[in-house]
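Enquirer: Residues are numbered in the numbering used here as their position in the sequence shown, beginning at 1, plus a constant of 1302.
We treat Cβ as the ideally placed atom computed from N, Cα and C, and that holds for glycine.
Let me give you the structure first, and then I'll get to my questions.
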Amino acid sequence: MRAWVAPLARALTAPLRPTLVRRVVFALMFAFAAAYLVNLAWSTYAFRHQMPDTLPQFASQFFGAIDTLDDAASARAALAALDRVVAAQTKSNDGQRPGAGMWLRDRSTPVPETVYRSAVLDGIALDTDGKAPCVLHGQPCSSVLVLSPRWEFRMFGEHLSYPRAFVAANELLLPRFLVAFPLLLLPLWLAVAGGMRPLSLLSRHLAARRSEDLTPLEQDLHYGELRPLGRALNTMFGKVRLRIERERAFVEDAAHELRTPLAVIAAQAHVLARARAPDARDQAEQQMSHAMERASHLVQQLLSLARMDSATPPATAPLNLAELLREQLANHAALAAREGIELTLDAPDHLQVDSDRQALCSIVGNLVENALRYAGSGAQVELRLGRSATGVTIVVQDNGPGIAAAEHERVFERFYRGRQANQKHSLGSGLGLAIVKQAVHRLGGDLSLTSGPEGRGCVFRVELHTPAATAGR
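Here's what the structure looks like:
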């Protein structure tokens, strides 16, 4: 039973799912309805004011039909026939009586004699002359007087009220629009559906691609609307391809870096198993411990870099940045003493910001550790914290041998170890500054490296664009 429930549900909900074709067609239908309303409004206005404008024309035409007649009986018969046509074509505002009437008098008699008078004019004083306004059944009307040597002809027309003009306009326009609507809708639907065909072909082409195929689209997108989509897809493919290549290179580099300490551990474990002399065993244990320390350090940095590379947004929370720097200083005090380096801090007692604590610890910790490991014995490393125009600034400065200007950009690359690093420390993996760069990027800040005074040492400056809530000594 359940086998047919899902298809039935999809079939019933299909008309409710939004589609581009339906959206375009609905927009065209709205435009069609708007056009009808505009025409209806204009026609209502025209019907409301047409009687004063068209009455002289009708009066002249009707009078021309009787002016050539010589006897009153013929004129009466002609006007009676015309009056029936007028009564069928015009209605008063109440919809019960004709909206126009005629009156004819014979001027050839000593006292002008009424030859014909429309029934709608019964009981109405017809003393208006020319085009003077008049009242017909309580409604404003217009009258037109036409004279000849024999006849005096007057025609009266009631002005339509806006409700009656609206009904008349609707009766005229609605049938025409109802006939035109399906004749327009079907071609429009077919045209829009056909216009979406290139998009359907593109989606089928993408669905047929292998998951590892990130080459640019070679399909001919000669439609202007599809070219921006094609360019965006090719740009995205390029970014994904570059990221995959970087991740593959990262894995290969990580495997290469781990191979050395693992090989040392394996070799020294073999030595420990065979060595009998205490000195040989002590040396093997020392080298194994150093290799394990290096492998552990590398794994920790890989994990830190993976966290900084994460697409999840930073977990920001209020924190005292000055206190965080003091904690990092305490954590690295032992390393500073072991390396014979003076480590100092210049910061306010309190500086609160909204930021990611883990990312800030990675930034400060790696910068301080990098300075302590490579500044050299007797050097000074200073950690400074202050406010800037856009947020806060963290500076780590040392007076060691520094880094050559040609290497300032490369030191932030993953697994890159400069000449000084290769000469001093085998523990470094070349990931510390890469982690700093990624963490600063994750927080939306800026990172720069310059040489210290007189070209000695390094100055790492981190600009975090986050307002400092409070600061003080």
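1. From Pro1358 to Phe1455, what distance separates their C-alpha atoms?
2. Nearest-angstrom Cα distance between Ile1567 and Phe1552?
3. Could you tell me which residues DSSP puts in a beta bridge with Leu1766?
4. Roughly how many angstroms lie between the CA atoms of Met1590 and Val1761, to the nearest whole one?
5. Quick check: what's the CA-CA separation for Leu1766 versus Leu1621?
6. Can you name, in chain order, every residue of its own chain whose Cβ lies under 7 Å from the Cβ of Pro1769, other than the five neighbours on each side?
7. Measuring straight from C-alpha to C-alpha, what distance separates Pro1615 and Leu1487?
8. Can you give me the Cβ contacts of Val1448 inside the same chain, cut-off strictly under 6 Å, excluding the 5 residues immediately before and after it?
9. Where are the beta strand (DSSP E) runs, 3 residues long or more, that stay fully inside the region 1614 to 1671, in chain order?
10. Hey, Val1655 and Leu1627: beta-carbon distance below 8 Å or not?
11. So if DSSP puts Ala1402 in a beta bridge, which residue, or which two residues, is it bridged to?
12. Tell me whether the beta-carbon of Ala1736 lies closer than 8 Å to the beta-carbon of Arg1716.
13. Can you check which of these residues, Leu1749, Phe1349, His1461, is closest to Glu1473 by C-alpha distance?
14. Go through its chain and collect everything with a Cβ distance to Gly1432's Cβ below 6 Å, but skip five positions before and after it.
15. Decide if Asn1724 is buried, meaning its Cβ has at least 16 other Cβ atoms within 10 Å, or exposed.
16. Residues bridged to Arg1686 by DSSP?
17. Just mark Asp1385 as buried or exposed, buried being the case when its beta carbon has 16 or more other beta carbons within 10 Å.
18. Please name the residue in Phe1714, Leu1475, Val1683 whose C-alpha comes closest to that of Pro1703.
19. Rounded to a whole number of angstroms, what is the C-alpha to C-alpha distance between Asn1668 and Gly1734?
20. Would the beta-carbon of Val1417 fall within 8 Å of that of Ala1377?
21. Verify whether the separation of the beta carbon atoms of Ile1643 and Val1738 is less than 8 Å.
22. Residue range of the alpha helix (DSSP H) that Leu1423 falls in?
23. With DSSP run on the structure shown, which of helix, strand or coil describes Gly1759?
24. Would DSSP call Pro1465 helix, strand or coil?
25. What is the DSSP secondary structure of Tyr1525, reduced to helix, strand or coil?
26. With a CB to CB cut of under 6 Å and the five nearest residues on each side skipped, what residues in its chain are close to Arg1686?
27. I'd like to check one pair, Cys1663 with Gln1630: are the Cβ atoms closer than 8 Å?
28. Would you mind stating whether Met1498 and Val1323 have Cβ atoms separated by less than 8 Å?
29. If you run the structure through DSSP and keep just helix, strand and coil, what is Val1738?
30. Tell me which residue opens and which closes the alpha helix (DSSP H) that Arg1499 is part of.
31. Which whole runs of the alpha helix (DSSP H) in the region 1313 to 1383 are 4 residues long or more, in chain order?
32. Return the chain-ordered list of same chain residues with a C-beta closer than 8 Å to the C-beta of Tyr1525, the five sequence neighbours on each side being excluded.
33. Are the CB atoms of Arg1478 and Leu1516 nearer to each other than 8 Å?
34. Which of the three DSSP states is assigned to Val1244 in this structure?
Expert: Considering the structure as presented:
1. For this step, residue 1358 is matched to residue 56 along the sequence shown. For this step, residue 1455 is matched to residue 153 along the sequence shown. Cα-Cα distance, rounded: 12 Å.
2. Counted from its first residue, the sequence shown places residue 1567 at position 265. Counted from its first residue, the sequence shown places residue 1552 at position 250. Answer to the nearest angstrom: the Cα atoms are 23 Å apart.
3. The residue you call residue 1766 lines up with position 464 of the sequence shown. In the DSSP output, where bridge partners are listed per residue, Leu1766 has Val1694.
4. If you number the sequence shown from 1, residue 1590 lands on position 288. If you number the sequence shown from 1, residue 1761 lands on position 459. Rounded to the nearest angstrom, the two C-alpha atoms are 35 Å apart.
5. Reading the sequence shown from its first residue, position 464 is the one you call residue 1766. Reading the sequence shown from its first residue, position 319 is the one you call residue 1621. The C-alpha of Leu1766 lies about 14 Å from the C-alpha of Leu1621.
6. As a working mapping, residue 1769 is identified with position 467 in the sequence shown. Counting only residues of its own chain and dropping the five nearest sequence neighbours on each side, Pro1769 has a CB closer than 7 Å to the CB of Gly1693.
7. Residue 1615 sits at position 313 when you count from the first residue of the sequence shown. Residue 1487 sits at position 185 when you count from the first residue of the sequence shown. So the alpha carbons of these two residues sit roughly 48 Å apart.
8. One-based indexing of the sequence shown puts residue 1448 at position 146. Contacts found: Ala1361, Phe1365, Phe1455.
9. 1618 to 1622, 1644 to 1648, 1652 to 1658
10. As a position in the sequence shown, residue 1655 is number 353, starting the count at 1. As a position in the sequence shown, residue 1627 is number 325, starting the count at 1. Taking 8 Å as the Cβ cut-off, Val1655 and Leu1627 do not qualify as a contacting pair.
11. Here the question's residue 1402 lines up with position 100 in the sequence shown. Paired residue(s): Gly1459.
12. If you number the sequence shown from 1, residue 1736 lands on position 434. If you number the sequence shown from 1, residue 1716 lands on position 414. It is a contact, given that the beta carbons lie within the stated cut-off.
13. For this step, residue 1473 is matched to residue 171 along the sequence shown. Among Leu1749, Phe1349, His1461, the Cα nearest to that of Glu1473 belongs to Phe1349.
14. Within the sequence shown, the letter at position 130 stands for residue 1432. Only weak support exists for where Gly1432 lies, its pLDDT of 42 falling under 50; the value from the coordinates is given anyway. For Gly1432, same chain residues with a beta-carbon under 6 Å away, outside a window of 5 residues either side, are Leu1447 in chain order.
15. The residue labelled residue 1724 in the question sits at position 422 within the sequence shown. The predicted position of Asn1724 is uncertain, since its pLDDT is 49 and thus under 50; a value taken from the coordinates is nonetheless stated next. That one is exposed.
16. Position 384 of the sequence shown, counted from the first residue, corresponds to residue 1686. Arg1686 pairs with Asp1648, Val1697.
17. As a first step, residue 1385 must be located in the sequence shown, where it is residue number 83. Asp1385 should be labelled buried.
18. As a first step, residue 1703 must be located in the sequence shown, where it is residue number 401. Relative to Pro1703, the option among Phe1714, Leu1475, Val1683 whose CA is nearest is Val1683.
19. Start at 1 with the first residue of the sequence shown, and residue 1668 comes out as number 366. Start at 1 with the first residue of the sequence shown, and residue 1734 comes out as number 432. Roughly 6 Å separates the two Cα atoms.
20. The residue given as residue 1417 occupies position 115 in the sequence shown. The residue given as residue 1377 occupies position 75 in the sequence shown. In this structure, Ala1377 lies closer than 8 Å to Val1417 by Cβ.
21. Taking the first residue of the sequence shown as position 1, residue 1643 is located at position 341. Taking the first residue of the sequence shown as position 1, residue 1738 is located at position 436. Against a cut-off of 8 Å, the Cβ pair of Val1738 and Ile1643 comes out as no contact.
22. As a working mapping, residue 1423 is identified with position 121 in the sequence shown. No alpha helix (DSSP H) contains Leu1423, which DSSP labels as neither H nor E.
23. Mapped onto the sequence shown, residue 1759 falls at position 457. Three-state DSSP puts Gly1759 in coil, outside helix and strand.
24. Working through the sequence shown from its first residue, we reach residue 1465 at position 163. DSSP places Pro1465 in helix when its eight states are reduced to three.
25. As a working note, residue 1525 is residue 223 in the sequence shown. Here Tyr1525 sits in coil by DSSP.
26. Translated into the one-based positions of the sequence shown, residue 1686 becomes position 384. The answer, listed in chain order, is Asp1648, Val1697.
27. Within the sequence shown, the letter at position 328 stands for residue 1630. Within the sequence shown, the letter at position 361 stands for residue 1663. Yes, the pair counts as a contact, with Cβ atoms nearer than the cut-off.
28. Locating residue 1498 in the sequence shown gives position 196, where the first residue counts as 1. Locating residue 1323 in the sequence shown gives position 21, where the first residue counts as 1. In contact: Met1498 and Val1323 (Cβ atoms closer than 8 Å).
29. Here residue 1738 is taken as the residue at index 436 of the sequence shown, counted from 1. Residue state, collapsed to three classes: helix.
30. For the purposes of this step, residue 1499 is taken as the residue at position 197 of the sequence shown. Taken as a continuous stretch (DSSP letters only), the alpha helix (DSSP H) holding Arg1499 covers 1499 to 1509.
31. 1322 to 1368
32. On the sequence shown, position 223 is the one that residue 1525 refers to. Excluding sequence neighbours, Tyr1525 sits near Pro1500.
33. Position 176 of the sequence shown, counting from 1, holds the residue named residue 1478. Position 214 of the sequence shown, counting from 1, holds the residue named residue 1516. Their beta carbons are not under 8 Å apart, which means Arg1478 does not touch Leu1516 by this criterion.
34. One cannot answer for residue 1244 here, as it falls past the ends of the chain, which runs 1303 to 1775.
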